[in-house]
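So the protein sequences, as listed, match chains H and A.
This note's numbering puts the first residue of the first sequence at -16, with every later residue one more than the last.
This note's numbering puts the first residue of the second sequence at 346, with every later residue one more than the last.
Built from N, CA and C at the ideal position, the CB exists for glycine as well.
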Amino acid sequence: MLEVKDINVFYGAVHALHDVSLYVNDGEIVSVVGANGAGKSTLMWAIASVVPYSSGSIEFNGKPMPQRADEAVKKGLAIVPERRRLFVSLSVMENIIMGSWLRGKSEKEQINKDMEYCFSLFPILRQRLSQRAGTLSGGEQQMLAITRALMSRPKLLLLDEPSLGLAPIIVESLFAAIQRVRDSGVTILLVEQNATQALAISDRGYVMETGRVTRTGSGEELANDREIRRAYLGE
Amino acid sequence: MFLQTLVTGLSIGGIYALMAVGYSLVFSVLSFSNFAHGAVIMLGAYMGLGLAAKLNLGLGLVLSGAIAGAGVLAVLNERLAYRALRQRRAPSLYLMISAMGCAVFLENMVYATIGAKPYPFPDKITNQVLDIVRNIISFLGLAAEHSVIEIAGITLSLLDLAAFVISLLSIYALHIFIMKTRTGIAIRAGVDDLTMCSLMGVNTNRLIAVVFFLAGAFAGLAGVYLGIKYYVQPTMGSITNKAYIAAVIGGLGSLPGAFIGGLILGVLETFVSAYISSVWRDVYTFTLLIALLIWLPNGLLGHETEEKV
């Protein structure tokens, strides 16, 4: 579904990504783990066509990823960025409306069904519809960010640090919801510092260090790798 | 005298508000002060004048033509002078400098092509405005003389009254548009986070064009009013300095703020002129601006200003 080949990204003189390659197959959960500053988020923004890359290629469903973010989204990509970046002054409902921006009036019935599906994942949102998104708790904001992304009916969902700053019990239910989303047919690329939990739900994983992919393998392999456990899992 | 001054101040403030809206709209989405707005107001006035004097059109067509024309001009202004800078992610300071350049460019284009001579709007248009206001007033059971109305000892110019009511209604209509419609929701989403807005599939170039069209439309409306009340001339855009101050007082980026800021400024100016001296008017105005920026840097209703990605 997604194939990133040897991309390089520069921020001015800073070489942020060095020949990064990865692929994601239909229906997989693939995670990218690594320390803070390894280039994980840059990779996400490059895939979403927000940050330009200077060389290499990104293909989505066998075709080059469009250069503009709004065009990339039309091809079936959605992103839940780090720190959520909700439309904080909009209500929860208005954020959901923005999520379904590309879908016409004819899809109204389906849009309502999708909204119900999201409420089944995150029941608390139903009680918050008219509340301003900026006043939600961290966990609720993350739930809304995922709902907003799902409302476009994406084929590929990019999740950047969804567990950041959340209580362990909320993280656990969030990861359970992510698995349910995958089971409903959405392919997921997950970036996490919280490597243990990310790898536990992933089919495959990549390890990034200072802008390079240094290891790759199945989620289980990486989770059990002694070196990785020492470096990223604090053992 | 107090009430008279207050009412006069409010009517001047209504016009400031009408012009301040344009600054606030653009600032809210792109975080820069579009100093070309005054030139768009001036050109809106010339377009209205052209339609009225050369094509001999009536008030309705003159207004619609000026509103649409100034709207399109503002869109072109963004397309030609700001978009390239935006796409290169230039700091908003550069956009502001480009805007100042556009203002000088447009003003001098008018000097060079039309000349510096001030033109009045044809009497026909002014009378049409007065007729409409008098009809509404008599419908409400009150009596108006030729161009003023007296209520409870207060004399009010019908033109000012019309301007105040139109400002109020048009700003309210804009507020409803922004709060209730799909495009309005997208504009507010863009104010929060333009990058995420594009990641919802919104074509942000088009969204920004809509914002500039709205700002330009308000400029066209204000331009026609200023032309009817005073004269149409290349320097008439300079009055927007006051409108800009009004937008800052209310909180740049906030529409209700632009409205309240306009009224406060209009009332303050009129009181200073009436009770102290008109010579001191601008001294007070700018003192208010500086004092407000020190104590309330985000204005009365503005949000925390934060650099956007």
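Are residue i and residue j close, meaning C-beta to C-beta below 9 Å?
| i | j | result |
| --- | --- | --- |
| ILE496 (chain A) | LEU404 (chain A) | no |
| ALA448 (chain A) | PHE372 (chain A) | no |
| GLY383 (chain A) | THR585 (chain A) | yes |
| GLY647 (chain A) | LEU571 (chain A) | no |
| LEU610 (chain A) | LYS587 (chain A) | yes |
| SER492 (chain A) | LEU503 (chain A) | yes |
| ILE606 (chain A) | GLY644 (chain A) | One point to set straight first is that residue 606 (chain A) is Gly, not Ile, in the sequence displayed. Cβ distance < 9 Å, so GLY606 (chain A) and GLY644 (chain A) count as in contact. |
| PRO137 (chain H) | ALA52 (chain H) | no |
| SER72 (chain H) | ASP627 (chain A) | no |
| ALA415 (chain A) | LEU396 (chain A) | no |
| GLN114 (chain H) | GLU155 (chain H) | no |
| LEU394 (chain A) | TYR464 (chain A) | yes |
| LEU363 (chain A) | SER599 (chain A) | no |
| SER4 (chain H) | ARG187 (chain H) | no |
| LEU501 (chain A) | PHE604 (chain A) | no |
| TYR6 (chain H) | VAL(-13) (chain H) | yes |
| VAL569 (chain A) | LEU408 (chain A) | yes |
| GLY20 (chain H) | THR193 (chain H) | yes |
| GLY446 (chain A) | LEU613 (chain A) | no |
| ALA365 (chain A) | TYR575 (chain A) | no |
Below 8 Å on the Cβ atoms is my guess for residue i versus residue j; work out the distance and round it to an integer in Å.
| i | j | result |
| --- | --- | --- |
| VAL420 (chain A) | ALA554 (chain A) | 5 Å |
| ILE30 (chain H) | LEU141 (chain H) | 6 Å |
| GLU175 (chain H) | SER146 (chain H) | 7 Å |
| VAL75 (chain H) | LEU112 (chain H) | 5 Å |
| SER378 (chain A) | TYR368 (chain A) | 6 Å |
| VAL63 (chain H) | ALA116 (chain H) | Actually they are not in contact, since the Cβ atoms of VAL63 (chain H) and ALA116 (chain H) sit about 13 Å apart, beyond 8 Å. |
| GLY17 (chain H) | MET134 (chain H) | Between MET134 (chain H) and GLY17 (chain H) the Cβ distance is about 30 Å, and since that is not below 8 Å, they are no contact. |
| LEU0 (chain H) | LEU139 (chain H) | 19 Å between Cβ atoms; not a contact. |
Using a 10 Å radius around the Cβ and a threshold of 16 neighbouring Cβ atoms, would you call residue i buried or exposed?
| i | result |
| --- | --- |
| SER120 (chain H) | exposed |
| GLY401 (chain A) | According to the sequence displayed, residue 401 (chain A) carries Asn and not Gly. With fewer than 16 other Cβ atoms within 10 Å, it is exposed. |
| ASN207 (chain H) | exposed |
| THR526 (chain A) | exposed |
| ASN422 (chain A) | buried |
| VAL455 (chain A) | buried |
| ILE521 (chain A) | exposed |
| VAL624 (chain A) | exposed |
| MET392 (chain A) | buried |
| ASP97 (chain H) | buried |
| ALA591 (chain A) | buried |
| GLN125 (chain H) | buried |
| SER83 (chain H) | buried |
| GLN110 (chain H) | exposed |
| ALA(-4) (chain H) | exposed |
| GLY10 (chain H) | exposed |
| ILE635 (chain A) | exposed |
Return the chain-ordered list of same chain residues with a C-beta closer than 6 Å to the C-beta of residue i, the five sequence neighbours on each side being excluded.
| i | result |
| --- | --- |
| PHE509 (chain A) | SER356 and GLY359 |
| LYS46 (chain H) | none |
| VAL654 (chain A) | With a pLDDT of 30 at VAL654 (chain A), under the threshold of 50, the modelled position of this residue cannot be trusted; read the value that follows with caution. Result list for VAL654 (chain A): THR540, in chain order. |
| ILE535 (chain A) | The sequence as given places Gly at residue 535 (chain A); Ile does not occur at that position. Excluding residues within five positions, the ones whose Cβ falls inside 6 Å are VAL374, CYS542 and LEU552. |
| ARG165 (chain H) | ILE12 and ILE171 |
| ASN550 (chain A) | none |
| SER24 (chain H) | GLU65 and ASP143 |
| LEU451 (chain A) | ALA384 |
| LYS58 (chain H) | PHE43 |
Kindly list the residues whose CB is nearer than 7 Å to the CB of residue i, restricted to its own chain and excluding five residues on each side of it in sequence; keep chain order.
| i | result |
| --- | --- |
| GLU651 (chain A) | The predicted position of GLU651 (chain A) is uncertain, since its pLDDT is 46 and thus under 50; no value can be drawn from it. |
| LEU418 (chain A) | VAL385, LEU388 and GLY561 |
| THR50 (chain H) | First, the residue type needs correcting, since residue 50 (chain H) is Gln and not Thr in the sequence shown. The answer, listed in chain order, is SER32. |
| VAL556 (chain A) | LEU370, VAL371, VAL374 and ILE532 |
| ILE184 (chain H) | ILE12, PHE158, ILE161 and GLN162 |
Using DSSP bridges, identify the partner residues of residue i.
| i | result |
| --- | --- |
| LYS(-12) (chain H) | H:SER40 |
| PHE(-7) (chain H) | H:HIS(-2) |
| ALA61 (chain H) | H:LEU140 |
| MET191 (chain H) | H:GLY17 and H:VAL196 |
| TYR464 (chain A) | A:VAL577 |
| THR632 (chain A) | DSSP lists no partner for THR632 (chain A). |
| LEU5 (chain H) | H:VAL(-13) |
| GLU495 (chain A) | A:THR500 |
| ARG115 (chain H) | H:SER74 |
| THR170 (chain H) | H:LEU139 |
| SER32 (chain H) | Beta-bridge pairing links SER32 (chain H) to no other residue. |
| GLU175 (chain H) | H:VAL16 |
Leaving aside the five residues before and after residue i along the sequence, list all residues of the same chain whose C-beta is less than 8 Å from its C-beta, in chain order.
| i | result |
| --- | --- |
| LEU506 (chain A) | SER356, VAL478 and ILE494 |
| SER701 (chain A) | Look at the range of chain A in this structure, 346 to 654, and you will see that residue 701 (chain A) is not part of it. |
| GLU203 (chain H) | LEU182 |
Please list the partners that residue i has in chain D, where partner means a Cβ-to-Cβ separation under 8 Å.
| i | result |
| --- | --- |
| ASN548 (chain A) | Reference to chain D is not applicable here, since the protein chains of this structure are H and A. |
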